[in-house]
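Participant:
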Amino acid sequence: MRPTWAEISLDSFKSNLGEVRRVVGENVRIMAIVKANAYGHGAARVSEVALAHGADMLGVATVPEAMELRETGITSEIFLLGGVDPREAGVVLENALTPACYSLEVLEVLSGAAVERGKTVGYHLKVDTGMTRLGVGVGDMESFFASAAELPGVMLEGVFTHLASSEIPQSDYTDYQLGVFREGLFFLDELGVKYRYSHSANSASLQRFPDSHMDIVRPGIMLYGSGSMGEVDLRPVMKLKTKIVQLRKASPGTPVSYGGSFVTGRETLVATLPIGYADGYPRALSNRAKVSIGGRLAPLIGSVCMDFIMVDVTDVPGVCVGDEVVLFGDGLVSVEDVSSWAETISYEVLSRISSRVPRRYV
Ligand SMILES: *Cc1c(COP(=O)(O)O)cnc(C)c1O
Numbered sequence: 003m004r005p006t007w008a009e010i011s012l013d014s015f016k017s018n019l020g021e022v023r024r025v026v027g028e029n030v031r032i033m034a035i036v037k038a039n040a041y042g043h044g045a046a047r048v049s050e051v052a053l054a055h056g057a058d059m060l061g062v063a064t065v066p067e068a069m070e071l072r073e074t075g076i077t078s079e080i081f082l083l084g085g086v087d088p089r090e091a092g093v094v095l096e097n098a099l100t101p102a103c104y105s106l107e108v109l110e111v112l113s114g115a116a117v118e119r120g121k122t123v124g125y126h127l128k129v130d131t132g133m134t135r136l137g138v139g140v141g142d143m144e145s146f147f148a149s150a151a152e153l154p155g156v157m158l159e160g161v162f163t164h165l166a167s168s169e170i171p172q173s174d175y176t177d178y179q180l181g182v183f184r185e186g187l188f189f190l191d192e193l194g195v196k197y198r199y200s201h202s203a204n205s206a207s208l209q210r211f212p213d214s215h216m217d218i219v220r221p222g223i224m225l226y227g228s229g230s231m232g233e234v235d236l237r238p239v240m241k242l243k244t245k246i247v248q249l250r251k252a253s254p255g256t257p258v259s260y261g262g263s264f265v266t267g268r269e270t271l272v273a274t275l276p277i278g279y280a281d282g283y284p285r286a287l288s289n290r291a292k293v294s295i296g297g298r299l300a301p302l303i304g305s306v307c308m309d310f311i312m313v314d315v316t317d318v319p320g321v322c323v324g325d326e327v328v329l330f331g332d333g334l335v336s337v338e339d340v341s342s343w344a345e346t347i348s349y350e351v352l353s354r355i356s357s358r359v360p361r362r363y364v
């Protein structure tokens, strides 16, 4: 078997979820965000653990993601953050999913599908307060509800928004967005529109803006041990690991990997590792990353290939074929290190670890 895997610590995940609970208190519902295969950690296992340890509901991006969870026997509430396509209305009803909704057209189709089945579908209205992605503007709420109120089989359960800049300490945009959202909620009260939940907080805002907690919080990245804003103790959940498959001495002046973008400057012990960009290890790390071997950092040399990388292990004493290597997730290399070397964010690195990499739960 190819010795490349992602070790997932369910204890670390539980501990991070506990931190969310500690920050928000007992009276706020936690929607654990498990979209994109739980940010690469494996949605089925992670969801099960989340629900058993304090999450009240799950949030995913797409209907197929929700279906995967239903198929593994999860019966909790599953929220569709990104809304639904009208063609998915039947599946939403049959599987008791809770969609976000921002379009009257889609709500009408949901209403029809609900009436056909003698069911009711609860939905959350998505309000755009400044992300400029999805949602109904505050100014369009009145006409939305003028029509929505007439529709049978659909029930407004929640109203929510998404914050665009809550991780940026020097920005006051979150206060602005929360202000717009509160205005919207006040306006709904005036219209006599009833609902149970309002929500706005992702990981960064739940840490930085207690005002954003409302009835439900929607943490994603912090559950996976990244995105601390300073006051929480988060533990990395994923350790990406592999083993050395070959060791070779290269004399000075030897090019390494495609294109020879690295040429050895000394007698170099080169270790070949069976992980590459097809595993989700970014090609942008070519000649930039370090990996952890035997308690030391070893530099990646040359281009990242589809299935392999090479590292310089000349300075790692006693290194052998078969030695374990950590790409990120231990005390020496974090996913934040890797994402900054690749000029991206931890979300992207984690969620792109591909299905070729088996997840092992510990
Ligand atoms: C992904 C997502 C979240 C979680 O965001 P994090 O920054 O990972 O906590 C919350 N809400 C919505 C609408 C999302 O799409």
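Per our numbering, the very first residue in the sequence shown carries number 3; after that it's consecutive.
We treat Cβ as the ideally placed atom computed from N, Cα and C, and that holds for glycine.
Return the CA-CA distance between Val-161 and Leu-109, expressed in angstroms with no decimal places.
Facilitator: Along the sequence shown, read from residue 1 onward, the residue named residue 161 stands at position 159. Along the sequence shown, read from residue 1 onward, the residue named residue 109 stands at position 107. Cα-Cα distance, rounded: 14 angstroms.
Participant: Sorted by chain position, which residues of the same chain lie with C-beta nearer than 7 angstroms to Tyr-349's C-beta, five sequence neighbours on each side aside?
Facilitator: The residue given as residue 349 occupies position 347 in the sequence shown. Closer than 7 angstroms at Cβ, skipping near neighbours: Tyr-41, Ile-223.
Participant: Kindly examine ligand 1 and report whether one of its heavy atoms sits closer than 7 angstroms to the Cβ of Leu-271.
Facilitator: Against the sequence shown, residue 271 aligns to sequence position 269. For ligand 1, not one heavy atom lies less than 7 angstroms from the Cβ of Leu-271.
Participant: Does the separation of the CB atoms of Val-359 and Leu-287 fall below 8 angstroms?
Facilitator: If you number the sequence shown from 1, residue 359 lands on position 357. If you number the sequence shown from 1, residue 287 lands on position 285. Result no, Cβ atoms of Val-359 and Leu-287 do not sit closer than 8 angstroms.
Participant: Any idea what DSSP makes of Asp-130, helix, strand or coil?
Facilitator: Numbered from its first residue, the sequence shown carries residue 130 at position 128. Asp-130 falls in the strand class under three-state DSSP.
Participant: Rounded to the nearest angstrom, what separates Glu-96 and Lys-243 at their Cα positions?
Facilitator: Your numbering for residue 96 matches position 94 in the sequence shown. Your numbering for residue 243 matches position 241 in the sequence shown. Distance between the alpha carbons of Glu-96 and Lys-243 is about 40 angstroms.
Participant: For Ser-348, is the beta carbon positioned less than 7 angstroms from some heavy atom of ligand 1?
Facilitator: Here residue 348 corresponds to residue number 346 of the sequence shown, with the count starting at 1. Because no heavy atom of ligand 1 lies under 7 angstroms away, the Cβ of Ser-348 does not count as near it: no.
Participant: Where does Val-306 sit, in a helix, a strand or coil, going by DSSP?
Facilitator: Position 304 of the sequence shown, counted from the first residue, corresponds to residue 306. Correct three-state label for Val-306: coil.
Participant: With a threshold of 6 angstroms on Cβ separation, who are the neighbours of Leu-329 within its own chain once the five nearest residues in sequence on each side are excluded?
Facilitator: The residue you call residue 329 lines up with position 327 of the sequence shown. Cβ within range, chain order: Leu-242, Val-293.
Participant: Could you check which residue in Pro-301, Val-26, Arg-72 has the C-alpha nearest to that of Glu-233?
Facilitator: On the sequence shown, residue 233 is found 231 positions in, with the first residue counted as 1. Per the Cα distances, Val-26.
Participant: Among Phe-188, Ser-202, Gly-44, Pro-238, whose alpha-carbon lies nearest the alpha-carbon of Thr-163?
Facilitator: Working through the sequence shown from its first residue, we reach residue 163 at position 161. Selected option, being the one with the closest Cα: Ser-202.
Participant: With DSSP run on the structure shown, which of helix, strand or coil describes Phe-81?
Facilitator: For the purposes of this step, residue 81 is identified with residue 79 of the sequence shown, where counting begins at 1. Phe-81: strand per DSSP, three-state reduction.
Participant: Run the proximity test for Ala-206: is its beta-carbon closer than 7 angstroms to any non-hydrogen atom belonging to ligand 1?
Facilitator: As a working note, residue 206 is residue 204 in the sequence shown. Correct: Ala-206 has its Cβ closer than 7 angstroms to ligand 1.
Participant: Apply the 10 Å Cβ neighbour rule to Tyr-260 and answer buried if 16 or more other Cβ atoms are within range, or exposed otherwise.
Facilitator: As a first step, residue 260 is located in the sequence shown; it is residue number 258 there, counting from the start. So Tyr-260 counts as exposed.
Participant: For Tyr-363, tell me which candidate among Glu-50, Ala-38, Ala-34, Gly-20 has the shortest Cα-Cα distance.
Facilitator: Here residue 363 corresponds to residue number 361 of the sequence shown, with the count starting at 1. Of Glu-50, Ala-38, Ala-34, Gly-20, the residue nearest in Cα terms is Glu-50.
Participant: Going by Cα to Cα distance, which pick from Ser-228, Val-94, Arg-4 is closest to Leu-352?
Facilitator: Walking along the sequence shown from the start, residue 352 turns up at place 350. For the residues Ser-228, Val-94, Arg-4, the minimum Cα distance to Leu-352 belongs to Ser-228.
Participant: Do Pro-101 and Gly-120 have their C-beta atoms within less than 8 angstroms of each other?
Facilitator: By one-based count along the sequence shown, residue 101 stands at place 99. By one-based count along the sequence shown, residue 120 stands at place 118. No, the Cβ-Cβ distance between Pro-101 and Gly-120 is not below 8 angstroms.
Participant: Is Cys-322 buried or exposed, if buried means 16 or more other CB atoms sit within 10 Å of its CB?
Facilitator: On the sequence shown, position 320 is the one that residue 322 refers to. Answer is exposed; the Cβ neighbour count stays below 16.
Participant: Short of 7 angstroms in beta carbon distance, which residues of its chain neighbour Gly-132, apart from the five on each side in sequence? Order them along the chain.
Facilitator: In the sequence shown, residue 132 corresponds to position 130, counting from 1. Cβ neighbours of Gly-132 beyond the five flanking positions: Ala-166, Tyr-175, Tyr-178, Gln-179, Val-182.
Participant: Kindly examine ligand 1 and report whether one of its heavy atoms sits closer than 7 angstroms to the Cβ of His-164.
Facilitator: As a working note, residue 164 is residue 162 in the sequence shown. Checking every heavy atom of ligand 1 against the Cβ of His-164, one is found closer than 7 angstroms.
Participant: Alpha carbon to alpha carbon, what distance is there between Arg-23 and Asp-58?
Facilitator: One-based indexing of the sequence shown puts residue 58 at position 56. One-based indexing of the sequence shown puts residue 23 at position 21. Going from the Cα of Asp-58 to the Cα of Arg-23 covers about 11 angstroms.
Participant: Would the beta-carbon of Ile-80 be found less than 7 angstroms away from any heavy atom of ligand 1?
Facilitator: Taking the first residue of the sequence shown as position 1, residue 80 is located at position 78. No, ligand 1 has no heavy atom inside 7 angstroms of this Cβ.
Participant: When you compare each of Val-258, Phe-81, Ser-342 to Ile-218 by their alpha carbons, which one comes out closest?
Facilitator: Residue 218 sits at position 216 when you count from the first residue of the sequence shown. For Ile-218, the nearest C-alpha among the options comes from Phe-81.
Participant: Under 7 angstroms from any heavy atom of ligand 1, does the C-beta of Arg-220 make it?
Facilitator: The residue given as residue 220 occupies position 218 in the sequence shown. Yes, the Cβ of Arg-220 comes within 7 angstroms of a heavy atom of ligand 1.
Participant: Quick one: using the 10 Å Cβ neighbour count with 16 as the cut-off for buried, is Ala-68 buried or exposed?
Facilitator: Counted from its first residue, the sequence shown places residue 68 at position 66. By the neighbour-count rule (16 or more Cβ atoms within 10 Å), Ala-68 is buried.
Participant: Tell me whether the beta-carbon of Met-143 lies closer than 8 angstroms to the beta-carbon of Phe-211.
Facilitator: To locate residue 143, count along the sequence shown from 1; it is residue 141. To locate residue 211, count along the sequence shown from 1; it is residue 209. Cβ atoms of Met-143 and Phe-211: not closer than 8 angstroms.
Participant: Could you say which of Phe-310, Gly-61, Ala-291, Val-117 lies nearest to Leu-334 if we only look at CA atoms?
Facilitator: Counting from 1 along the sequence shown, the entry for residue 334 is found at position 332. Closest option to Leu-334, Cα to Cα, is Ala-291.
Participant: For Val-65 and Arg-298, I'd like the C-alpha separation in whole angstroms.
Facilitator: In the sequence shown, the residue the question calls residue 65 occupies position 63. In the sequence shown, the residue the question calls residue 298 occupies position 296. Each residue's alpha carbon lies about 44 angstroms from the other.
Participant: Using the Cβ count rule (16 or more neighbours within 10 Å means buried), how would you classify Leu-158?
Facilitator: Here the question's residue 158 lines up with position 156 in the sequence shown. Burial call: buried.
Participant: Pull up the CB-CB distance for Met-308 and Gly-278, whole angstroms please, since I reckon it's below 8 angstroms.
Facilitator: Translated into the one-based positions of the sequence shown, residue 308 becomes position 306. Translated into the one-based positions of the sequence shown, residue 278 becomes position 276. That pair is a contact at about 5 angstroms.
Participant: Assuming the contact rule is C-beta atoms closer than 8 angstroms, Gly-255 and Thr-266 should be a hit. Round their C-beta distance to whole Å, please.
Facilitator: Taking the first residue of the sequence shown as 1, we reach residue 255 at position 253. Taking the first residue of the sequence shown as 1, we reach residue 266 at position 264. Correct: roughly 7 angstroms between the Cβ atoms.
Participant: Hey, would you say the C-beta of Met-224 is under 7 angstroms away from at least one heavy atom of ligand 1?
Facilitator: Taking the sequence shown and counting its residues from 1, the one referred to as residue 224 is at position 222. Checking the Cβ of Met-224 against ligand 1 gives yes.
Participant: For a test of the three-state rule: what should DSSP assign to Tyr-125, helix, strand or coil?
Facilitator: Here residue 125 refers to the residue found at position 123 when the sequence shown is read from its first residue. Note: Tyr-125 maps to strand in three-state DSSP.
Participant: Looking at the structure shown, is Phe-211 part of a helix, part of a strand, or coil, going by DSSP?
Facilitator: Walking along the sequence shown from the start, residue 211 turns up at place 209. It is coil, neither helix nor strand.
Participant: Can you give, in chain order, each stretch of the beta strand (DSSP E) that sits fully within the stretch 242 to 274 and has at least 3 residues?
Facilitator: Those beta strand (DSSP E) runs which fall completely within the stretch 242 to 274 and span 3+ residues are 248 to 252.
Participant: Grab the span of the alpha helix (DSSP H) containing Ser-113 for me, first residue to last.
Facilitator: Along the sequence shown, one-based indexing puts residue 113 at 111. Residues 106 to 119.
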